[in-house]
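Asker:
2 protein chains.
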Amino acid sequence: MPKVLLATEKAFAADAVGKIEARFKEAGYELAKLENYKAKDELLAAVADAEAMIVRSDAITKEVFDAAKNLKIVVRGGAGVDTIDLQAGTDANVVIMNTPGQNSNAVAELAFGMMLTTARNHYDGTSGFELKGKSLALYGCGAVSRCMIKIASAFDMTVSALDPYLKPEQIEAAGAKPLTSIEQLFESQFVSLHIPATDETKKSITEALIMKMPKNACLINTARKEVIDEAGLKNVFANRADFTYIADVQPDDAAGFKEVLGDKFSKRCFFTPKKMGAQTSEANNNAGVAAANQIVDFFEKNDVRFQVNKPGQKF
Amino acid sequence: MPKVLLATEKAFAADAVGKIEARFKEAGYELAKLENYKAKDELLAAVADAEAMIVRSDAITKEVFDAAKNLKIVVRGGAGVDTIDLQAGTDANVVIMNTPGQNSNAVAELAFGMMLTTARNHYDGTSGFELKGKSLALYGCGAVSRCMIKIASAFDMTVSALDPYLKPEQIEAAGAKPLTSIEQLFESQFVSLHIPATDETKKSITEALIMKMPKNACLINTARKEVIDEAGLKNVFANRADFTYIADVQPDDAAGFKEVLGDKFSKRCFFTPKKMGAQTSEANNNAGVAAANQIVDFFEKNDVRFQVNKPGQKF
Numbered sequence: 013m014p015k016v017l018l019a020t021e022k023a024f025a026a027d028a029v030g031k032i033e034a035r036f037k038e039a040g041y042e043l044a045k046l047e048n049y050k051a052k053d054e055l056l057a058a059v060a061d062a063e064a065m066i067v068r069s070d071a072i073t074k075e076v077f078d079a080a081k082n083l084k085i086v087v088r089g090g091a092g093v094d095t096i097d098l099q100a101g102t103d104a105n106v107v108i109m110n111t112p113g114q115n116s117n118a119v120a121e122l123a124f125g126m127m128l129t130t131a132r133n134h135y136d137g138t139s140g141f142e143l144k145g146k147s148l149a150l151y152g153c154g155a156v157s158r159c160m161i162k163i164a165s166a167f168d169m170t171v172s173a174l175d176p177y178l179k180p181e182q183i184e185a186a187g188a189k190p191l192t193s194i195e196q197l198f199e200s201q202f203v204s205l206h207i208p209a210t211d212e213t214k215k216s217i218t219e220a221l222i223m224k225m226p227k228n229a230c231l232i233n234t235a236r237k238e239v240i241d242e243a244g245l246k247n248v249f250a251n252r253a254d255f256t257y258i259a260d261v262q263p264d265d266a267a268g269f270k271e272v273l274g275d276k277f278s279k280r281c282f283f284t285p286k287k288m289g290a291q292t293s294e295a296n297n298n299a300g301v302a303a304a305n306q307i308v309d310f311f312e313k314n315d316v317r318f319q320v321n322k323p324g325q326k327f
Numbered sequence: 013m014p015k016v017l018l019a020t021e022k023a024f025a026a027d028a029v030g031k032i033e034a035r036f037k038e039a040g041y042e043l044a045k046l047e048n049y050k051a052k053d054e055l056l057a058a059v060a061d062a063e064a065m066i067v068r069s070d071a072i073t074k075e076v077f078d079a080a081k082n083l084k085i086v087v088r089g090g091a092g093v094d095t096i097d098l099q100a101g102t103d104a105n106v107v108i109m110n111t112p113g114q115n116s117n118a119v120a121e122l123a124f125g126m127m128l129t130t131a132r133n134h135y136d137g138t139s140g141f142e143l144k145g146k147s148l149a150l151y152g153c154g155a156v157s158r159c160m161i162k163i164a165s166a167f168d169m170t171v172s173a174l175d176p177y178l179k180p181e182q183i184e185a186a187g188a189k190p191l192t193s194i195e196q197l198f199e200s201q202f203v204s205l206h207i208p209a210t211d212e213t214k215k216s217i218t219e220a221l222i223m224k225m226p227k228n229a230c231l232i233n234t235a236r237k238e239v240i241d242e243a244g245l246k247n248v249f250a251n252r253a254d255f256t257y258i259a260d261v262q263p264d265d266a267a268g269f270k271e272v273l274g275d276k277f278s279k280r281c282f283f284t285p286k287k288m289g290a291q292t293s294e295a296n297n298n299a300g301v302a303a304a305n306q307i308v309d310f311f312e313k314n315d316v317r318f319q320v321n322k323p324g325q326k327f
């Protein structure tokens, strides 16, 4: 039976650890735990006989892969794998996985919290507006957007979505009206971005698009700051007093926006100091449990759905 | 055909006025508008031949009733009728109505916005928690609570409610689990108050009840500050670091709470500077349109469902 190591410099919550333990006990696997370790040497010693490993933001370097002679799989409990040396792992024939989608609800709840805060003027006592009956367009229709659709429906919002990787009927099945162009997105009062930062999407949200938005327009960015054309956004701030930007990441030109917006800055350009969409105890715990399930499925069913590296791949 | 006066010191939004006009045109009634008036004399002159009247927070005094010889009905677009001299109106045989329930969604959205803001640490970048899967108990199961239930369901919250004026099956039909005692309410992580301030409810939310609440407890008060035993609440603040109070009204002893909570005050005792639950453009507009409908129903069908005074009543 495979030997699994749970190596977390910052441990999962006790509840999540309990569920991870239960999963491996059920599968009959041996689980070793190295939690809240302080020195790299502890990790190097612990991995020596591990065949599978669950990590969080732990630095899994070439040195770790070299020390882990039996290692077949590493699963990052979470989405980002930038703390893992993918080249070293691939060269050592280790399957590397993440646990996508486990933080989708956390991101969607953050978006709605910030939308309500904006609609009610940051609870300053003045009259605001309701989300009820308003239009919401989602750019990208993956896991976060599906959570957005569910919450939006309770507010009686009309929801549309654009996703070049999905068929119109798939978007419809998810509960949104399928759109066919980026321009159509910006006919909604709320536009929420759920796209990766790629060569195609970088700076793709332009001044012209945002200026098309209807009255009391609100652009929500829980994705990546790079997708925004910030020079264009600055012009929008200068020319539209009814426009609000909500972001789960500090814009590069926050100082420039502040200059244009003056004392309206904190309400019209409303962002978190650092990315926190996925930062809930539930999302972290979900990711740990998903990692345990993926390890069992890998050994039992050779399931590599969430693998992020290919054999022989060059990074 | 009845002559209606729309007398609003602070006018409804243009959209609402348009709908009010359309309603009376359809009914064949004559509508006079006195909007954004400055002096009481203008109002006294305008009411002289009015048979029905729509008002907002306008002071409808004995002098106004005396000047309105033909007046049969006054409808306040909104819930509160404390700006109307109920005794003088009743003595003049005028039916006085409010438009309850028109701001329910506005209140529920405010509550959820503040709940999400609390759960995510006021968007300060630190890890919070999700509403998903948590328990919410509603004290009172009227119009606001029904909106709360709808929104809570999209967050996969389990909702229970206590309402001494409803049968268990009515609460069940509204989508919540019926409770039988106040104590049971405080077994939920979120408790939201939707009760009036009466002799029975004043100071009824005690230290003992709040101390019963489970981990990360959150008490939401969009009702009236008087229902809270503030001395008890202060003790809770002193003894429970995981408890948050959300209120759509400034507590009387805000200064005392601040003393106990120190730099945790703004997050753990989170309140609006003045009551703003009903303060949305939609709620105001809904109230205006509802007032127009109620006037037509009064004349056409003798419908007095929303009457707040009884003939001969002493206030």
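Quick mapping for you: the protein sequence lines, in order, are chains A and B. Here the first sequence stands for residues 13 to 327, numbered as in my numbering. Here the second sequence stands for residues 13 to 327, numbered as in my numbering. C-beta atoms are modelled at their ideal positions from N, C-alpha and C, and glycine is treated no differently.
So with Cβ pairs under 7 Å, would you call Pro226/A a contact of chain B?
Answerer: Within the first sequence, residue 226/A is the residue found at index 214, counting from 1. No, Pro226/A does not count as interfacial toward chain B.
Asker: Take the Cβ of Ser193/B as the centre, count every other Cβ of all protein chains shown within 10 Å, and call the residue buried at 16 or more, exposed below.
Answerer: Taking the second sequence and counting its residues from 1, one reaches residue 193/B at position 181. Classification for Ser193/B: exposed.
Asker: With distances taken between CB atoms, is the gap from Ser293/A to Phe141/B smaller than 7 Å?
Answerer: Sequence index remark: in the first sequence, residue 293/A carries index 281 (1-based). Sequence index remark: in the second sequence, residue 141/B carries index 129 (1-based). The answer is yes: Cβ separation under 7 Å.
Asker: Using the Cβ count rule (16 or more neighbours within 10 Å means buried), how would you classify Tyr177/B?
Answerer: The residue given as residue 177/B occupies position 165 in the second sequence. Result: exposed.
Asker: Give me the Cα-Cα distance between Asn48/B and Ala79/B, rounded to the nearest whole angstrom.
Answerer: The sequence position of residue 48/B within the second sequence is 36, counting from 1. The sequence position of residue 79/B within the second sequence is 67, counting from 1. Asn48/B and Ala79/B: Cα-Cα distance of roughly 20 Å.
Asker: Note down, in chain order, every chain A residue with its Cβ under 9 Å from the Cβ of Tyr135/B.
Answerer: If you number the second sequence from 1, residue 135/B lands on position 123. Under the 9 Å cutoff, chain A gives Leu122, Gly125, Met126, Thr129, Asp260, Phe282, Phe283, Thr284, Pro285, Met288.
Asker: Return helix, strand or coil for Glu63/A, following the three-state DSSP convention.
Answerer: Counted from its first residue, the first sequence places residue 63/A at position 51. Coil at Glu63/A, not helix or strand.
Asker: With a threshold of 16 other CB atoms inside 10 Å of the CB of Lys50/B, please say whether the residue is buried or exposed.
Answerer: Here the question's residue 50/B lines up with position 38 in the second sequence. Result: exposed.
Asker: Have a look at Val59/B and Leu17/B and give me their C-alpha separation to the nearest angstrom.
Answerer: Position 47 of the second sequence, counted from the start, is the residue given in the question as residue 59/B. Position 5 of the second sequence, counted from the start, is the residue given in the question as residue 17/B. Answer to the nearest angstrom: the Cα atoms are 7 Å apart.
Asker: Taking Ala21/A as the query, report the chain B residues whose CB atoms sit under 7 Å from its CB, ordered along the chain.
Answerer: In the first sequence, residue 21/A corresponds to position 9, counting from 1. Checking the sequence shown, residue 21/A turns out to be Glu, not Ala. Neighbours of Glu21/A on chain B: none; closest Cβ ~16 Å, over 7 Å.
Asker: Closer than 7 Å by beta-carbon distance: list the chain A residues that pair up with Asn117/B, in chain order.
Answerer: Here residue 117/B refers to the residue found at position 105 when the second sequence is read from its first residue. The contacting residues are Glu142, Lys144.
Asker: Can you tell me whether Glu271/B is buried or exposed? The criterion is at least 16 other CB atoms within 10 Å of its CB, across all chains shown.
Answerer: In the second sequence, the residue the question calls residue 271/B occupies position 259. It is exposed - the Cβ of Glu271/B has fewer than 16 other Cβ atoms within 10 Å.
Asker: Under 9 Å Cβ-Cβ, which residues of chain A neighbour Glu341/B?
Answerer: Residue numbering for chain B in the displayed model covers 13 to 327; residue 341/B lies beyond these limits and cannot be assessed.
Asker: I'd like to know whether the C-beta of Ile163/A is nearer than 7 Å to at least one C-beta of chain B.
Answerer: Here residue 163/A refers to the residue found at position 151 of the first sequence. Taking Cβ atoms only, chain B reaches closer than 7 Å to Ile163/A, which makes this a yes.
Asker: So which residues on chain B does Ala166/A lean against when the C-beta distance must stay under 7 Å?
Answerer: By one-based count along the first sequence, residue 166/A stands at place 154. Lys162, Ile163, Ser165, Ala166, listed in chain order.
Asker: With three or more C-beta pairs closer than 8 Å as the rule, is the region 256–273 of chain A touching the region 98–111 of chain A?
Answerer: Counting Cβ pairs under 8 Å, fewer than three are found: no touch.
Asker: Does any residue of chain A bring its CB to less than 7 Å from the CB of Arg132/B?
Answerer: Your numbering for residue 132/B matches position 120 in the second sequence. So yes, Arg132/B belongs to the interface.
Asker: Going by the CB atoms, is the gap between Lys15/B and Ala57/B shorter than 7 Å?
Answerer: As a position in the second sequence, residue 57/B is number 45, starting the count at 1. As a position in the second sequence, residue 15/B is number 3, starting the count at 1. Taking 7 Å as the Cβ cut-off, Ala57/B and Lys15/B do not qualify as a contacting pair.
Asker: Does any residue of chain A bring its CB to less than 7 Å from the CB of Gln291/B?
Answerer: Sequence index remark: in the second sequence, residue 291/B carries index 279 (1-based). So yes, Gln291/B belongs to the interface.
Asker: Taking the alpha-carbon positions, what's the Leu245/A to Asn298/B distance?
Answerer: Within the first sequence, the letter at position 233 stands for residue 245/A. Within the second sequence, the letter at position 286 stands for residue 298/B. In a straight line, the C-alpha of Leu245/A is about 34 Å away from that of Asn298/B.
Asker: Can you name, in chain order, every residue of its own chain whose Cβ lies under 6 Å from the Cβ of Ser147/A, other than the five neighbours on each side?
Answerer: Indexing the first sequence from 1 puts residue 147/A at position 135. If we look at Ser147/A and ignore the five residues flanking it on each side, its Cβ neighbours are Thr170, Ser200, Gln201.
Asker: Give me the DSSP bridge partner(s) of Thr292/A.
Answerer: Sequence index remark: in the first sequence, residue 292/A carries index 280 (1-based). Partner(s): Gly140/B.
Asker: What does the alpha-carbon distance come out to for the pair Tyr257/A and Gly268/A?
Answerer: Translated into the one-based positions of the first sequence, residue 257/A becomes position 245. Translated into the one-based positions of the first sequence, residue 268/A becomes position 256. Near 14 Å, if we compare the C-alpha coordinates of Gly268/A and Tyr257/A.
Asker: Of the residues Val76/B, Val67/B, Gly187/B, Lys74/B, which one's Cα is nearest the Cα of Gly89/B?
Answerer: By one-based count along the second sequence, residue 89/B stands at place 77. Minimum Cα distance to Gly89/B is reached at Val67/B.
Asker: Residues in the same chain with beta-carbon distance under 6 Å from Lys287/B, minus the five sequence neighbours each way, listed in chain order, please.
Answerer: The count along the second sequence starts at 1 and reaches residue 287/B at position 275. Asp260, Val261.
Asker: Leu55/B to Met65/B, Cα distance in whole Å?
Answerer: On the second sequence, position 43 is the one that residue 55/B refers to. On the second sequence, position 53 is the one that residue 65/B refers to. Cα to Cα, the separation comes out at about 11 Å.
Asker: Who pairs with Cys230/A in a beta bridge, going by DSSP?
Answerer: Within the first sequence, the letter at position 218 stands for residue 230/A. In DSSP, Cys230/A forms a bridge with Phe202/A, Thr256/A.
Asker: Can you give the Cα-Cα distance for Ile232/A and Lys84/B, rounded to whole angstroms?
Answerer: Along the first sequence, one-based indexing puts residue 232/A at 220. Along the second sequence, one-based indexing puts residue 84/B at 72. Computed Cα separation, rounded: 50 Å.
Asker: Which value, in whole angstroms, describes the spacing of the CA atoms of Lys37/A and Asp27/A?
Answerer: In the first sequence, residue 37/A corresponds to position 25, counting from 1. In the first sequence, residue 27/A corresponds to position 15, counting from 1. About 15 Å.
Asker: Per the DSSP calculation, Ser147/A is bridged to which residue(s)?
Answerer: Numbered from its first residue, the first sequence carries residue 147/A at position 135. The partner list for Ser147/A (beta bridge, DSSP) reads Thr170/A.
Asker: In the DSSP assignment, what residue or residues form a beta bridge with Phe277/B?
Answerer: If you number the second sequence from 1, residue 277/B lands on position 265. In DSSP, Phe277/B forms no bridge with anything.
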